[in-house]
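Reviewing the structure listed below.
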Amino acid sequence: MKKPNLRLGCHLSSADGCFLAAVQANSIGANTFQTFTRNPRGGAVKPIEEMEFDEYLAGAADLDVSPILFHAPYTLNFAAAREEVLRFARDTLRDDLLRLERCPGQLYNFHPGSHVGQGPERGIELIAETLRTCVPAPCSTTILLETMSGKGSEVGRTFEELRAIIDAVGDACPAPLGVCLDTCHIWDAGYDIVNDLDGVLEEFDRVVGLGRLKAVHLNDSMNPLGAHKDRHAKIGEGHIGLDALVRVLKHSSLSHLPFELETPNEVDGYQREIALLRSRL
Ligand code: FE
Ligand code: FE
Ligand code: ZN
Numbered sequence: 013m014k015k016p017n018l019r020l021g022c023h024l025s026s027a028d029g030c031f032l033a034a035v036q037a038n039s040i041g042a043n044t045f046q047t048f049t050r051n052p053r054g055g056a057v058k059p060i061e062e063m064e065f066d067e068y069l070a071g072a073a074d075l076d077v078s079p080i081l082f083h084a085p086y087t088l089n090f091a092a093a094r095e096e097v098l099r100f101a102r103d104t105l106r107d108d109l110l111r112l113e114r115c116p117g118q119l120y121n122f123h124p125g126s127h128v129g130q131g132p133e134r135g136i137e138l139i140a141e142t143l144r145t146c147v148p149a150p151c152s153t154t155i156l157l158e159t160m161s162g163k164g165s166e167v168g169r170t171f172e173e174l175r176a177i178i179d180a181v182g183d184a185c186p187a188p189l190g191v192c193l194d195t196c197h198i199w200d201a202g203y204d205i206v207n208d209l210d211g212v213l214e215e216f217d218r219v220v221g222l223g224r225l226k227a228v229h230l231n232d233s234m235n236p237l238g239a240h241k242d243r244h245a246k247i248g249e250g251h252i253g254l255d256a257l258v259r260v261l262k263h264s265s266l267s268h269l270p271f272e273l274e275t276p277n278e279v280d281g282y283q284r285e286i287a288l289l290r291s292r293l
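In my numbering, each number is its position in the sequence shown, counted from 1, plus 12.
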């Protein structure tokens with residue numbers, strides 16, 4: 013059965029602004045997209061006008077491209093041991109969220125952080141403290157913790173760690189707080205979405221609550237279950253496989269969410285993957 017409301021897109025550059033990224037998304041069959049808020053490796057930020065938020069907001073309905081899933085630079089560490097590293101991450105988060113008030117109501121995803129030997133409990137507390145103290149109010153953006161593969165000392169490798177962060181934030185974050193589920197990451201973390209998708213989602217619901225789930229990163233994985241590696245593969249070319257990823261896309265607990273591809277592709281490759289996935293709905 014066709015799902016007319018399925019939101020499926022991919023990671024795109026917004027170097028020329030969000031409006032042109034939305035036009036590009038539309039041209040490749042995507043009706044949502046993900047983009048970095050700034051240079052993913054550094055902190056360089058472009059003048060707010062060049063993000064073309066107003067142009068995007070004016071044109072989004074006609075283009076039918078929404079929501080935008082903004083991704084924080086992946087080099088930020090909200091569980092850092094070094095004061096200046098932590099401060100840089102927190103200042104960047106605050107600045108990103110202030111800027112996103114010019115494009116209200118979108119999603120903002122970040123990697124919780126790496127505890128760098130301090131232990132997951134300390135990492136969880138530092139991440140929660142960030143969300144308690146560094147989110148500007150009011151904040152119309154929904155903030156998402158990304159599920160992680162568990163490479164190195166990453167926090168967020170289990171659903172329990174995400175729950176612990178959410179619990180430690182409590183009511184103190186002015187923004188809605190949710191989770192972005194990355195299929196490559198949870199597979200690498202040891203959740204068997206190939207043979208037991210229902211069981212994994214039941215576990216997520218029991219531990220975190222499916223109501224917290226606001227977006228999905230749809231990626232294949234170059235590595236076997238539980239490898240804790242985090243290397244994305246093209247759809248159907250990894251250990252998860254096309255059939256399992258189609259089941260994720262069609263699952264009744266997930267099909268209302270925006271799905272973003274972060275596979276190793278240029279734009280034409282994304283276009284082919286979107287067409288392939290849509291042909292399997
Ligand atoms: Fe990510
Ligand atoms: Fe991801
Ligand atoms: Zn990844």
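Glycine included, each C-beta is placed from N, C-alpha and C at the ideal position.
Identify the continuous alpha helix (DSSP H) that holds Gly135 and give its terminal residues.
Here the question's residue 135 lines up with position 123 in the sequence shown. Gly135 -> alpha helix (DSSP H) spans 132-145.
Beta-carbon spacing of Thr170, Ala201 below 8 angstroms:
Counting from 1 along the sequence shown, the entry for residue 170 is found at position 158. Counting from 1 along the sequence shown, the entry for residue 201 is found at position 189. Going by C-beta atoms, Thr170 is nearer than 8 angstroms to Ala201.
Reference Arg106, options Cys146, Arg134, Leu273, closest by Cα
Here residue 106 is taken as the residue at index 94 of the sequence shown, counted from 1. Closest option to Arg106, Cα to Cα, is Cys146.
With DSSP run on the structure shown, which of helix, strand or coil describes Lys15?
Start at 1 with the first residue of the sequence shown, and residue 15 comes out as number 3. Caution is warranted here: a pLDDT of 48 is assigned to Lys15, below 50, making its placement in the model unreliable, and no coordinate value can be reported.
Return yes when the C-beta of Asp28 is under 7 angstroms from any heavy atom of ligand 3, and no when it is not.
In the sequence shown, counting from the first residue as 1, residue 28 sits at position 16. No - ligand 3 has no heavy atom lying nearer than 7 angstroms to the Cβ of Asp28.
Under 8 angstroms by Cβ, that's how I've got His127 and Ser165 pegged, so tell me the actual separation to the nearest angstrom.
Indexing the sequence shown from 1 puts residue 127 at position 115. Indexing the sequence shown from 1 puts residue 165 at position 153. Right, their Cβ atoms sit about 5 angstroms apart.
Give the straight-line distance between the Cα atoms of Leu273 and Ala37, rounded to the nearest whole angstrom.
In the sequence shown, counting from the first residue as 1, residue 273 sits at position 261. In the sequence shown, counting from the first residue as 1, residue 37 sits at position 25. Rounded to whole angstroms, Leu273 to Ala37 spans 12 angstroms at the Cα level.
Just to confirm my understanding: we take Met63, look at its own chain, exclude 5 residues before and 5 after, and list those with CB closer than 8 angstroms. What are they?
Here residue 63 is taken as the residue at index 51 of the sequence shown, counted from 1. Cβ within range, chain order: Ser26, Gly29, Cys30, Arg111, Arg114, Cys115.
Under the three-state reduction of DSSP, which class applies to Lys226: helix, strand or coil?
On the sequence shown, position 214 is the one that residue 226 refers to. Lys226 falls in the strand class under three-state DSSP.
In three-state terms, what does DSSP make of Ala93?
What you label residue 93 is simply residue 81 of the sequence shown in a count that begins at 1. Coil at Ala93, not helix or strand.
Measuring alpha carbon to alpha carbon, tell me which residue in Leu156, Asp255, Ser265, Glu214 is nearest Gln46.
What you label residue 46 is simply residue 34 of the sequence shown in a count that begins at 1. Nearest of Leu156, Asp255, Ser265, Glu214 to Gln46, Cα basis: Leu156.
So which of Phe271, Leu254, Thr104, Pro150 has the shortest CA-CA distance to Ala304?
In the structure displayed, the chain extends from 13 to 293; residue 304 sits before or after that span and is not available.
Beta-carbon proximity list for Arg67, same chain, < 8 angstroms, skipping 5 on both sides:
As a first step, residue 67 must be located in the sequence shown, where it is residue number 55. Sequence check: residue 67 is Glu here, not Arg. Only Gly29, Cys30, Phe31 meet the Cβ criterion.
Threshold first: 3 residues or longer. Then list the beta strand (DSSP E) segments lying entirely within the stretch 23-59, N to C.
45-48
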